[in-house]
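J.:
This is how it looks when you write it as structure tokens:
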């Protein structure tokens with residue numbers, strides 16, 4: 076007699092029904108096995124999902140690649156320094172750059188060995204890898220604390236000797252890094268940048284490290300602990316003028332995004348990426364040392380994925396989702412910034428600064444993906460100095476994309492912003508207008524679409540008798556409004572604005588000072 080087997084009851088929630096109605100179509104299964112048509116539908120959908128996520132999760136790397144490509148296309152090679160002697164203006168397509176400080180920017184190649192960077196005094200700078208991951212600060216927030224420092228940048232493939240001392244040694248996960256420096260003009264007579272530019276050109280040095288030279292002792296050589304060599308000679312880089320340069324550094328929003336992503340993956344070591352993120356790219360055929368050649372089916376899917384990925388990134392990058400927690404004041408305010416959600420590493424908010432010291436937020440072990448995508452869709456460079464609660468150091472930002480009624484700005488209409496007295500910025504403050512499409516400075520008859528406390532490159536804004544400052548945004552300057560209190564708009568374009576506070580003060584952080592909302596006038 077056969078033995079009767081008692082079957083284990085099967086919970087319904089671990090089975091797949093024969094038919095599943097979904098937004099992507101009707102999915103059919105024979106006792107759990109998908110039909111050929113269903114398998115094809117799901118394959119296409121998975122590729123689409125991977126495509127969207129690969130877009131939103133790689134914006135930071137593709138953006139860095141696009142900046143470097145813009146440099147190369149303009150004849151600015153790795154190791155050169157693009158310097159904006161009369162500040163950056165609206166002819167340069169560059170994500171949310173300011174028109175207040177002297178930028179100097181360089182891409183460095185560490186694949187042939189470490190590189191030394193001697194930084195200028197009284198500057199504000201950071202060095203990021205090619206995925207816009209922070210490597211180090213220099214200048215006021217850096218280890219040199221604004222006195223000028225000698226930094227030794229070491230790439231991921233270098234296995235040679237390093238000095239015992241004498242350098243601020245920093246390791247990068249990519250073979251190429253970007254040096255982003257901003258130097259101030261607020262201390263100069265008339266805010267003329269000439270003296271600041273001269274200081275940068277005199278003090279900034281970039282050159283190859285010489286193993287066994289400075290930082291390596293004779294004793295270490297005699298005891299077999301290190302080499303002995305000639306000290307490397309400090310060298311000034313080639314400076315290329317950037318002011319007025321009409322060039323593009325903004326990444327593409329179509330299939331070209333994936334092509335740039337592939338070029339970046341091929342350029343850097345496989346170890347530059349974590350395996351989970353690399354897996355998203357690999358699912359699309361973007362793999363180190365392999366050719367990215369999507370067939371017609373995948374190409375069509377990626378075209379749509381790029382469109383949706385860009386749209387989603389744009390919604391995040393414009394602060395269009397109040398539920399993301401990006402609003403700086405409260406839900407009634409249009410001012411926002413995504414960095415306060417995830418901090419510079421997009422994991423935790425920046426720590427609180429109390430009388431008892433630093434009070435960090437608990438680590439939740441999760442990347443704040445929306446915060447990262449939002450930030451890098453509209454900005455370049457990352458550093459703790461962009462979002463820390465310390466007064467008198469670094470810079471803070473608030474972004475405005477909508478007026479007091481919650482409507483996006485119309486370039487054909489007139490708006491007004493009132494900033495209460497005692498604007499909390501020890502160095503200076505500014506407002507800069509940007510084109511919604513390019514996220515670069517708005518192009519109008521004003522080369523520098525800004526207003527602020529500095530009198531260069533446009534007149535300083537004038538305060539009212541009560542100490543408050545009113546700034547107008549409109550196609551033409553309103554009657555009776557000073558030139559420094561007006562920023563021109565384009566009737567054919569939407570725009571947004573960034574309020575910058577350099578060396579912010581406590582009233583910004585405790586919100587006892589609050590920027591007014593931008594009001595529609597006519």
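Residue numbers (our numbering): 76 to 597. Idealized CB from N, CA, C, for every residue including glycine.
Using alpha carbons as the reference points, say which of 593, 289, 370 lies closest to residue 225.
T.: 289
J.: Name the DSSP bridge partner or partners of residue 547?
T.: Residue 547 is bridged to 491, 561.
J.: Using a 10 Å radius around the Cβ and a threshold of 16 neighbouring Cβ atoms, would you call residue 372 buried or exposed?
T.: Looking at its Cβ environment, which holds fewer than 16 other Cβ atoms inside 10 Å, residue 372 is exposed.
J.: Are there 16 or more other CB atoms within 10 angstroms of the CB of residue 343, so buried, or fewer, so exposed?
T.: buried
J.: Name the two residues that bound the continuous alpha helix (DSSP H) containing residue 415.
T.: Counting along the chain, the alpha helix (DSSP H) containing residue 415 begins and ends at 414–417.
J.: Tell me where the beta strand (DSSP E) around residue 211 begins and ends.
T.: Note, residue 211: beta strand (DSSP E), 209–214.
J.: Give every residue of the same chain whose Cβ lies closer than 6 angstroms to the Cβ of residue 345, excluding the five residues on either side of it in the sequence, and list them in chain order.
T.: 363
J.: In the DSSP assignment, find the unbroken beta strand (DSSP E) run with residue 177 in it and report its ends.
T.: 177–184
J.: Within the continuous alpha helix (DSSP H) that includes residue 389, where are the two ends?
T.: 371–392
J.: Can you check whether the CB of residue 239 is closer than 8 angstroms to the CB of residue 292?
T.: For residue 292 and residue 239, yes; Cβs fall inside 8 angstroms.
J.: If you drop the 5 nearest sequence neighbours on each side, which residues of the same chain put their C-beta closer than 7 angstroms to that of residue 119?
T.: 376
J.: Excluding the 5 residues flanking residue 504 on each side, which residues of the same chain have their C-beta closer than 6 angstroms to its C-beta?
T.: 498, 527, 528, 576
J.: Take every Cβ of the segment 487–502, pair it with every Cβ of the segment 567–581, and state whether three or more of those distances are shorter than 8 angstroms.
T.: yes
J.: Looking at residue 243: is its Cβ nearer than 8 angstroms to the Cβ of residue 227?
T.: Taking 8 angstroms as the Cβ cut-off, residue 243 and residue 227 qualify as a contacting pair.
J.: Is residue 341 helix, strand or coil when you go by DSSP?
T.: helix
J.: Is there at least one Cβ from chain D nearer than 8 angstroms to residue 104's Cβ?
T.: Reference to chain D is not applicable here, since this structure consists of a single protein chain.
J.: Compute the beta-carbon to beta-carbon distance between residue 436 and residue 423, rounded to the nearest angstrom, for a pair I have assumed lies under 8 angstroms.
T.: 5 angstroms
J.: If you draw a straight line from the C-alpha of residue 323 to the C-alpha of residue 133, how long is it?
T.: 19 angstroms
J.: Pick out the complete beta strand (DSSP E) segments inside the segment 433–508, 3 residues or longer, and give them in chain order.
T.: 470–475, 490–494
J.: Under a Cβ-count criterion, where at least 16 other Cβ atoms within 10 Å of its own Cβ denotes burial, should residue 592 be classed as buried or exposed?
T.: Buried is the call here.
J.: Kindly indicate which three-state DSSP category residue 538 falls into: helix, strand or coil?
T.: strand
J.: CA-CA distance, residue 235 and residue 274?
T.: 33 angstroms
J.: Can you determine whether any heavy atom of the ligand COA sits closer than 7 angstroms to the C-beta of residue 509, and answer yes or no?
T.: This structure lacks the ligand COA; in fact it carries no ligand of any kind.
J.: Out of 441, 408, 431, 409, which has the shortest C-alpha to C-alpha gap to residue 416?
T.: 441
J.: When you compare the CB positions of residue 169 and residue 515, do they come within less than 8 angstroms of one another, or not?
T.: Judged by their CB atoms, residue 169 and residue 515 are nearer to each other than the 8 angstroms cut-off.
J.: What three-state label does DSSP hand residue 85 in the structure shown?
T.: coil
J.: In whole angstroms, what separates the C-alpha of residue 475 from that of residue 382?
T.: C-alpha of residue 475 to C-alpha of residue 382: approximately 24 angstroms in a straight line.
J.: So residue 204 is in the beta strand (DSSP E); what residue range does that whole segment cover?
T.: 198–204
J.: I'd like the span of the beta strand (DSSP E) that includes residue 101, first residue to last.
T.: 100–105
J.: Have a look at residue 467 and residue 460 and give me their C-alpha separation to the nearest angstrom.
T.: Those two C-alpha atoms are separated by around 11 angstroms.
J.: Taking residue 519 as the reference, which of 479, 569, 471, 530 has the closest Cα?
T.: Ranking 479, 569, 471, 530 by Cα distance to residue 519 puts 569 first.
J.: Please confirm whether residue 80 and residue 336 have their CB atoms less than 8 angstroms apart.
T.: Contact flag unset, no.
J.: When the Cα of residue 271 is compared with those of 180, 161, 300, 523, which residue comes out closest?
T.: Taking only the C-alpha atoms, the option nearest residue 271 is 161.
J.: Checking 8 angstroms against the spacing of the C-beta atoms, do residue 495 and residue 507 come in under that value?
T.: no
J.: Rounded to whole angstroms, what's the CA-CA distance from residue 209 to residue 216? Just pull it up for me.
T.: Answer to the nearest angstrom: the Cα atoms are 13 angstroms apart.
J.: Are the beta-carbon atoms of residue 301 and residue 307 separated by less than 8 angstroms?
T.: no
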